[in-house]
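Protein chains in written order, with the numbering used here: chain D, 1 to 442; chain Y, 1001 to 1303.
We put the beta carbon where it would ideally sit given N, CA and C, even for glycine.
Take a look at the structure below.
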Amino acid sequence: MRFLLRLSKPKEDPLNKVFVLIKREYLIRVKTKGFIFGTLFLPLFVLFIGLIPVLLGRFAGEGQKQIAVIDLSQRVFNPLDTYLNEIKTDNEGQPLYQLERIETDPGTLEAKKSSLNEQVEKGEWDVFLVIPEDVFTSNQFELYAKNVSNFDFNATLENAVSNVVSVMRLNESGLDHELIDRLIQRVQVKTFKVDEAGAKEESSMASFWISYVMVFLLYMVLIFYGQFVMRGVIEDKVSRVIEVVLSSVKPYQMMAGKIIGIGSVGLTQFLIWIGCLFFISSYGTVLLGQMGTGFNITIPSLSIWVFLSFILYFLLGYFLYAALYAAMGSMASSESDAQNLQWPAVSMIILSFMLMLFVVVRDPTSTLSVVLSLVPFFSPILMFTRISVNSAPLNQVILSIVLSVVMIIGLIWIGGRIFRVGILMYGKRANLKEAIKWIRYS
Amino acid sequence: MDILKVDQVSKSFGDVHAVKDLSFFVKERQVFGLLGPNGAGKTTMIRMIMQILLPDRGSIHIFEKPLSPDILDEIGYLPEERGLFPKMKVIDTVTFFGEIHGIGHSESVRRADTLLKRLELYEWRDKKVEELSRGMQQKLQFICTILHKPKLLILDEPFTGLDPVNTNLLKDVMVELKGEGTTIIFSTHLMEQVEKLCESICLINKGEAILSGSLREVKSKFGKNRVRLSYEGKADFLKDKTLVDQYDDYGQYVEIGLAKNRTSKELLQKAIDTVTLHQFEMAEPSLNEIFITVVKAEGGSLE
């Protein structure tokens, strides 16, 4: 009977209850296999996509190309061998191309070629070259391979032969060796990362790429997490648990708990993703470099301000749409009801994305872009896009934040009223007329 | 002290008057039965007490204070529509409802374990709610309702769906709670339970109170004109509407409700004259009979 002893209870503060609700909403979602899988899968997927070229490079490196060369000119083979050994080496400095000279004379050439053909067929050689006697004047050589569409490989061989032949021509012209070396010195490309302060022109592709990825993430997350909120409300309605919870909290606390709880799940997932993106963009190049692939790409770096505004606009967008979705969820009695109810919110998000693609990206500073990016429903995607391509002045950013916050407060007020009535309604789906009645009903 | 005082409360949904000028009060440490047929307005009334619905008119006082969110933590509420989070573990569910009523986490876990043992659910402690049977879920829900040791317990149809063993278990815990000083209001249409547990009742039909007071008062009011009769022969006098208002033939005996202003003496005289009597008894009506009689009279007051 001791368990029935009454203890004096401390006065409860309403925020504490909201916190309990948030904790429940958060833990029950974060602990699921789906969340863990989904959260880890995306960065791994991105990493995998990023690593494919690296891995391919590795595999290519393992297989040394066996090249047979019939050098009828009798002069090209040795410099070609040396040249290829210099430019094409794997990580350990071993040559990637193994050249072998096939002795022949014009009389047995055709027989030799057909026997080499067979050997290529069997895989003993990857390719064989026939360098004609008159290579210096005909400017042609022949390449035989099972698959002649490997452009990179063919181009390398073509360049190499062409280079060797050119050098030899130059040598024969009587020019000084050193002069020739200097004259034919290859021009190499050096890549630089360009930050915001620097030249914009060069980084526009890269910055577009990264903002596109982030805007797309924002778009997906707004749609997904809005629906999570709606589905969460419907689940609680279907399991009839709402009335039990309402015996100790007010509807507005319940709505706040749901929205903030699910929002925190989204934020967690986001921070993990963005953290990965941040990591890849900061260290990716270094990492790839250390892998010694010689694979030269520039990964655009993500500025901390873009990162922070991303989080900010995620939160603004999320709260704006979550209030709508919560109200819609409360009006529905089943998932299928919800499908019909959610179109206003979904179409707003899709419209934002369309406007981003067709208006804002084309000219982020046009009057239309500025005006649209200030509309609260569009701000999350449009203003963030403008920030990420560095074309949003601070005063416009602040204005959009203020407008969004005002809108959020309004929507939460309206949504809360619909929610309060809707969550106890069962059986039929409420229509817009009824919802308006609920808003007016105190 | 009146733990709950409902004064002239009305509530309509559109054209439907769910509750009409309803008044009743519940004394401290009482077990109070809110009775009525389906659709009588019990659940609406309870939802107004729980501040889930707002009354159109009238006032409700709990602990002699007007309704406010502060008092919710002093109340335990088991709604008619049972509901738990299906994906949550049993222990997490109980502690969630503890915490939401302002009990700290560790204290909630401690109480939860005690109650899970008491209601024979402890071996399910780490299972998910959806794995439990209906009956077990109902016991779990009951635990969630009483974990925060409310002063007032409101149970809407607490016994429906429970087998006799579990019904008894739940009843025992309710009696323990009453012993501890908890006031219990429960709504039901199972009169048998009310008869065993309730000290006071309020019977409502179509949103109006048609009978209220202590069980003893209610019964004695009906007891005056009820007779239980066992006989052999042809009892034509039962059809005499001026003498017998209504009767139920159970085979072994007949229960008779006397017409207004007629006495049992007159009935006995008639019976002796026509049939061979085995038994003639002034009966206390069962609540079930009262319920049926009163509700059949379609809300007409019997006073």
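Compute the distance between the beta-carbons of residue i and residue j, then report whether it is under 7 Å.
i: Y/D1126; j: Y/K1149; result: no
i: Y/Y1253; j: Y/S1286; result: no
i: Y/L1197; j: Y/V1026; result: no
i: D/A322; j: D/I259; result: yes
i: Y/E1255; j: Y/K1020; result: no
i: Y/G1041; j: Y/I1204; result: yes
i: D/G266; j: D/Y225; result: yes
i: D/I102; j: D/I67; result: no
i: Y/D1236; j: Y/S1187; result: no
i: D/E25; j: D/G317; result: no
i: D/Y219; j: D/F353; result: yes
i: D/S330; j: D/F419; result: yes
i: Y/R1226; j: Y/G1257; result: yes
What residues from chain D crowd round residue i, counting only those whose CB sits closer than 7 Å?
i: Y/M1088; result: I28
i: Y/H1101; result: S248
i: Y/P1158; result: The premise fails here: Y/P1158 is roughly 13 Å from chain D at the closest Cβ pair, so nothing lies under 7 Å.
By how many angstroms is the C-alpha of residue j removed from the C-alpha of residue i?
i: D/L355; j: D/V238; result: 37 Å
i: Y/E1192; j: Y/E1289; result: 11 Å
i: Y/S1012; j: Y/D1056; result: 7 Å
i: D/S303; j: D/S211; result: 11 Å
i: Y/L1152; j: D/M328; result: 35 Å
i: Y/L1169; j: D/V245; result: 25 Å
i: Y/I1003; j: Y/T1183; result: 8 Å
i: D/E172; j: D/S138; result: 17 Å
i: Y/G1135; j: D/L424; result: 24 Å
i: D/I401; j: D/S373; result: 11 Å
i: D/S114; j: D/S166; result: 30 Å
i: Y/G1222; j: Y/V1294; result: Note that residue 1222 of chain Y corresponds to Phe in the displayed sequence, not to Gly. Computed Cα separation, rounded: 10 Å.
i: D/L183; j: D/V164; result: 14 Å
i: D/F358; j: D/V306; result: 22 Å
i: Y/E1284; j: Y/K1219; result: 7 Å
i: Y/Q1008; j: Y/K1206; result: 15 Å
i: Y/L1121; j: Y/S1108; result: 16 Å
i: D/I409; j: Y/E1064; result: 36 Å
i: D/T156; j: D/F136; result: 19 Å
i: D/E86; j: D/Q98; result: 12 Å
Please state the DSSP three-state secondary structure of residue i.
i: Y/K1241; result: coil
i: Y/T1293; result: helix
i: Y/Q1008; result: strand
i: D/A155; result: helix
i: Y/N1225; result: coil
i: Y/E1232; result: strand
i: Y/Y1253; result: coil
i: Y/E1180; result: coil
i: D/G422; result: helix
i: D/S366; result: coil
i: D/A199; result: Unreliable placement is indicated for D/A199, whose pLDDT of 41 sits below 50; no coordinate value is reported for it.
i: Y/F1159; result: coil
i: Y/L1267; result: helix
i: D/Q339; result: helix
i: D/Q140; result: coil
i: D/N390; result: coil
i: Y/T1188; result: strand
i: Y/D1304; result: Residue 1304 of chain Y cannot be examined here, being either before or after the span of chain Y that is shown, 1001 to 1303.
Taking C-beta pairs closer than 7 Å, name the residues in chain Y that residue i reaches, listed in chain order.
i: D/R231; result: Result: empty, since nearest Cβ-Cβ is about 13 Å, beyond 7 Å.
i: D/L424; result: I1052
Using a cut-off of 8 Å between C-beta atoms, extract the partners of residue i located in chain Y.
i: D/I242; result: G1083
i: D/K17; result: I1100, G1102
i: D/V20; result: F1096, E1099, I1100
i: D/S239; result: G1083, L1084, F1085, P1086
Mind listing the chain D neighbours of residue i? Cutoff is C-beta to C-beta under 9 Å, in chain order.
i: Y/Y1077; result: E243, V244, L246, S247, S248
Please list, in chain order, the chain Y residues whose beta carbon lies closer than 9 Å to that of residue i.
i: D/V265; result: Ordered by position in chain Y, no residue passes the 9 Å Cβ test against D/V265, which lies about 14 Å from the chain.
i: D/R24; result: F1085, M1088, D1092, F1096, E1099, I1100
I want to check one thing, is the minimum distance from the CB of residue i to the heavy atoms of the ligand ZN below 6 Å?
i: D/L324; result: The ligand ZN is not part of the structure shown, which contains no ligands of any sort.
Exercise. Check distances from the C-beta atoms of the region 245-261 of chain D to those of chain Y and list, in chain order, the residues that come in under 8 Å.
Key: V245, L246, S247, S248, V249, K250
Quiz item: Looking at chain D, which residues of the region 1050-1069 of chain Y have a Cβ within less than 9 Å of any of its Cβ atoms?
Solution: M1050, Q1051, I1052, L1053, L1054, P1069
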